[in-house]
Every structure is written in structure tokens, then in C-alpha cells.
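Undergrad:
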Amino acid sequence: MSEEIISQKEKFLQEVEQELLRKELDTELLEDGLLHVKWNGKPLCAVDQNGAVRFCPDDIRDAETDRQLRTVVQTAAQTKEYLRMLERTPTLKAVGLDEDYKILADFGDVVLAGRCCKTGTKFVTWEWDFDRQGVHAGHYFMENYEAAKQDFAVRAGLVESQRLFSDEQLAVIKNACEFALEDDATLSYAEEKQLQSVQEQIELLLPQQERNQHPTMEQTM
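When the letters of the sequence shown are read in order and numbered with our numbering, they come out as residues 61 to 281.
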């Protein structure tokens, strides 16, 4: 295996480790070439250099642990996606741009770009100038790849902004589902299953700190 491939695989695990640490998961990169992940002090899974997530079914005993496992799977897949794109895509050439960004997506008058840093890959969306020689109106997302992709889709007109909800709005919807399931005796079985499905889908999207937080009136206004 060439040194370049080894370096790419090490970069991948380091990037995944940084992402998981930001998501409050304990990680340890060992000499076995695996990134070992723990949740609540207990083994959760391990990520290999190819992006595969290994786990023992006996370690996944409840819904919250399963959600954390899916977080690792999603993070590994997303990291692999953008690192591969950064290796293959051209450098963004724009007047006045001092840092080297790679083009991740370009549609209409909007471009999504990223660059590798010691603290993780940074993402930004810009609008092209009229002559496409420069860019302006940058929206910076630090290491948040999903938020950058979403912003790109909205700015490029690929997704209607009205179809998207903020984390705070999702938390309100999740709690409304919970209250309805607990207090509304008129719900049919099919309606209960639908509300439970909505709850589960939202929980996969929400950051950990939002999942257990019941919003106040101030937050929902």
C-alpha cells in the first residue's frame, strides 16, 4: 500500500474522530488501525480505515444506544463522501480568494466549497459574481457539512426553504408528537404509528442536547 493511500486513510479516521468528539462521543484511535468509539463509558463500535462500522449486537441494547450507533454510521459515510470529493474536485479559482478551497458543488450562481484544516474540514457557500471571476456573500459553516449542503441547496433553488425546519422547530414538533401520544385518547392505531415514526425520524436529525430538551415559550416564539 502506497504512502499516499495510507495518509488518506489516516486522514479519514482523524476526521471522523474530530466529528464524533464534537457529537459528544468518546473515541480512541489505536494501533490496530481502528477508531474505537464509546458511549456512556461502554464500547459502542469501531470504524475502520475504509469507512466500515463494526459493532457487537450485544452492545446495542436500547434505543438511545442504537441512535448513537446510527450517528457513527452517518458520520463515517458523510466524512468519506466529502474527503473523496476534496481529493478529486478542482480548486476554486476566484479573484481575491486567499485560501485554497475545493469545489464540492456548483449550480447556477451558487458554489459549495471546502478546505482541509488541522481542526477539520471547513465548508462555505458563495454566490458567483456576474462574470464568475469572483465570489461574494459567503455563508461559513466551519465543520458542519450537512448544514453547508442544505444551505447550498436552498441558495441554488434546489430545495424550497419553507420545507426545512430548524433544530428548535424540530424539537417543538417532536414534543408535540410526544404530548399527543401521551394525552390524546382519540388517536387511531395508524395515527399513533405515524407520530412515533415522525418522532424517531426527528431524533436522528436533532443534536444530542436538543433531544431531551423540552422547549420553553421563549424558544418556540
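Just so it is clear, CB atoms sit at the ideal spot from N, CA and C, and this is done for glycine as well.
Is THR280 buried or exposed, if buried means 16 or more other CB atoms sit within 10 Å of its CB?
TA: Because THR280 sits at a pLDDT of 31, beneath the cut-off of 50, its placement in the model cannot be relied upon, and the following sentence gives the value as read from the coordinates. Exposed, since its Cβ has fewer than 16 Cβ neighbours within 10 Å.
Undergrad: Under 8 angstroms, with one C-beta from each stretch per pair, do the stretch 234 to 246 and the stretch 208 to 219 reach the 3-pair mark?
TA: Judged by Cβ distances under 8 angstroms, the stretch 234 to 246 makes no contact with the stretch 208 to 219, as fewer than three pairs qualify.
Undergrad: Do the stretch 166 to 179 and the stretch 219 to 231 make contact, defined as three or more Cβ pairs closer than 8 angstroms?
TA: Because the criterion of three Cβ pairs below 8 angstroms is not met, the stretch 166 to 179 and the stretch 219 to 231 do not touch.
Undergrad: What are the boundary residues of the alpha helix (DSSP H) that includes THR135?
TA: Per DSSP, THR135 belongs to the alpha helix (DSSP H) from 123 to 148.
Undergrad: So within the stretch 186 to 253, which uninterrupted beta strand (DSSP E) runs reach at least 3 residues, ignoring any that extend past its ends?
TA: Taking only runs of at least 3 residues, the beta strand (DSSP E) segments lying wholly in the stretch 186 to 253 are 195 to 200.
Undergrad: Please classify GLY93: is it buried, with 16 or more other beta-carbons within 10 angstroms of its beta-carbon, or exposed?
TA: That one is exposed.
Undergrad: What are the start and end residues of the beta strand (DSSP E) that includes LYS83?
TA: Neither: LYS83 is in no beta strand (DSSP E) and is coded neither H nor E.
Undergrad: Go ahead and pull the three-state DSSP assignment for LEU172.
TA: Here LEU172 sits in strand by DSSP.
Undergrad: Where TRP99 and THR131 are concerned, what is the direct C-alpha to C-alpha distance, given to the nearest angstrom?
TA: When rounded, the distance between both Cα atoms is 11 angstroms.
Undergrad: What are the boundary residues of the beta strand (DSSP E) that includes PHE167?
TA: 162 to 167 is the extent of the beta strand (DSSP E) around PHE167.
Undergrad: Report yes if the CB atom of THR135 is closer than 9 angstroms to the CB atom of GLU187, and no otherwise.
TA: Against a cut-off of 9 angstroms, the Cβ pair of GLU187 and THR135 comes out as no contact.
Undergrad: Taking THR139 as the reference, which of ASN204, LYS234 and TYR249 has the closest Cα?
TA: Per the Cα distances, ASN204.
Undergrad: Taking a contact to mean a Cβ-Cβ separation below 9 angstroms, would you say LEU104 touches THR125 in this structure?
TA: Their beta carbons are under 9 angstroms apart, which means LEU104 touches THR125 by this criterion.
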